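These notes are about the structure you will find just below.
Numbering (the working numbering), first residue to last: 888 to 1187.
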């Protein structure tokens, strides 16, 4: 894969703010921390035009019939929903809250573990992936996240990804060949590799139909899976209650490429299957998608 183009992301969240939410959770629990979200998110919805602008493409595609005012209100509610997921993530890492996580498709993952089959966990900007990583601990497998190390140190310290004692490690795409060699080695060792499937971050992409329009999704996960002859498990999650999450890992794809046929066209077919799965999930869980980027306007 070619080198990804650098993307500058505005960092939100600081040590003081995260510390304050932690103290609030200890004193009043999740509900108390959630209560503070509403005025904070309202401030962002009113004064942070950049944040609103990044959320509107998804809201406009998911709810095209809404008026401009209702779309703005939906963006505000989306900020609140994301804030609850972030608070839950810190509560889980801090060990102050136990979450009831219902998992659909876990038996397939256990079967892969018994066969020492490595697989790709295809994630999306849906729900709370940190709760899912916690659930995967029962498999006793190392999970590698193909992602750039978190640039915001306050968030990185709070989430504790790639800590020395953690079974969750990071493979940086800044390595040689975009980290593909490290990914292939991990899969060969029977490990799990988590790759984000719904945003390119500068990587090669294909056009697929998504929420009624053409969007740009990366295809590296399916290209790697076809080369490694391993499955792609589509992971989707949603917050269903104050202390409850639902995780769906029932959809498993086995990408294959046929010699002599257009490689990118074949990969597009697999990516389209994933986009259809994600789109159908968002019909039932519209307020759990935190893409905050116009994937419909990305250039080829």
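Built from N, CA and C at the ideal position, the CB exists for glycine as well.
Treat the numbers as computed from the prediction; the structure is a model and nothing was measured.
Paired residues, beta bridge with residue i - DSSP
{"i": "residue 1121", "result": "1009 and 1138"}
{"i": "residue 990", "result": "1134"}
{"i": "residue 1102", "result": "1095"}
{"i": "residue 1055", "result": "1030"}
{"i": "residue 1128", "result": "1131"}
{"i": "residue 1083", "result": "1010"}
{"i": "residue 921", "result": "Partner(s): none; residue 921 has no beta bridge."}
Cβ-based burial, residue i [other Cβ within 10 Å; buried from 16]
{"i": "residue 951", "result": "exposed"}
{"i": "residue 1171", "result": "exposed"}
{"i": "residue 1126", "result": "buried"}
{"i": "residue 982", "result": "exposed"}
{"i": "residue 972", "result": "buried"}
{"i": "residue 934", "result": "exposed"}
{"i": "residue 1068", "result": "exposed"}
{"i": "residue 1023", "result": "buried"}
{"i": "residue 1059", "result": "exposed"}
{"i": "residue 1122", "result": "buried"}
{"i": "residue 1165", "result": "buried"}
Near the ligand MG: residue i beta-carbon under 7 angstroms from a heavy atom
{"i": "residue 950", "result": "Among the components modelled here there is no ligand, and therefore nothing to report on the ligand MG."}
Alpha-carbon to alpha-carbon, residue j and residue i
{"i": "residue 1159", "j": "residue 956", "result": "32 angstroms"}
{"i": "residue 1190", "j": "residue 1179", "result": "No statement about residue 1190 is possible, as the shown extent of the chain runs from 888 to 1187 and does not include it."}
{"i": "residue 996", "j": "residue 1026", "result": "8 angstroms"}
{"i": "residue 1183", "j": "residue 1098", "result": "10 angstroms"}
{"i": "residue 1091", "j": "residue 916", "result": "43 angstroms"}
{"i": "residue 1163", "j": "residue 914", "result": "43 angstroms"}
{"i": "residue 1095", "j": "residue 953", "result": "24 angstroms"}
{"i": "residue 938", "j": "residue 1181", "result": "12 angstroms"}
{"i": "residue 1041", "j": "residue 1065", "result": "In this prediction, residue 1041 scores a pLDDT of 48, lower than 50, which makes its location untrustworthy; no coordinate-derived value is stated."}
{"i": "residue 1196", "j": "residue 1061", "result": "No answer is possible for residue 1196: it lies beyond the span of the chain, which begins at 888 and ends at 1187."}
{"i": "residue 1018", "j": "residue 979", "result": "7 angstroms"}
{"i": "residue 1104", "j": "residue 1093", "result": "6 angstroms"}
{"i": "residue 1035", "j": "residue 1135", "result": "25 angstroms"}
{"i": "residue 1174", "j": "residue 1088", "result": "23 angstroms"}
{"i": "residue 940", "j": "residue 931", "result": "11 angstroms"}
Proximal residues to residue i (C-beta, below 7 angstroms), its chain only, five neighbours per side dropped
{"i": "residue 958", "result": "943, 946, 947 and 950"}
{"i": "residue 1109", "result": "1119, 1142, 1154, 1157 and 1158"}
{"i": "residue 928", "result": "963, 966, 967 and 970"}
{"i": "residue 911", "result": "919, 920 and 923"}
{"i": "residue 1150", "result": "1144"}
Own chain partners of residue i with C-beta closer than 8 angstroms, once the 5 adjacent residues on each side are dropped
{"i": "residue 1012", "result": "1083, 1085, 1086, 1176, 1177, 1178 and 1179"}
{"i": "residue 1146", "result": "none"}
{"i": "residue 1124", "result": "1013, 1014, 1015, 1016, 1018, 1019, 1132, 1133, 1134, 1135 and 1175"}
{"i": "residue 1137", "result": "991, 992 and 995"}
Nonlocal neighbours in the same chain, by C-beta distance under 6 angstroms from residue i, ignoring five residues either side
{"i": "residue 1003", "result": "1077"}
{"i": "residue 999", "result": "1006"}
{"i": "residue 1032", "result": "1057 and 1081"}
{"i": "residue 1101", "result": "1094"}
Check your understanding: Three or more beta-carbon pairs under 8 angstroms between the segment 1130 to 1147 and the segment 980 to 990, yes or no?
Key -> When C-beta atoms of the segment 1130 to 1147 are compared with those of the segment 980 to 990, three or more pairs fall below 8 angstroms, so the two segments count as touching.
Exercise for review: For the segment 995 to 1010 and the segment 1060 to 1076, state whether three or more C-beta atom pairs, one from each stretch, are separated by less than 8 angstroms.
Suggested key: yes
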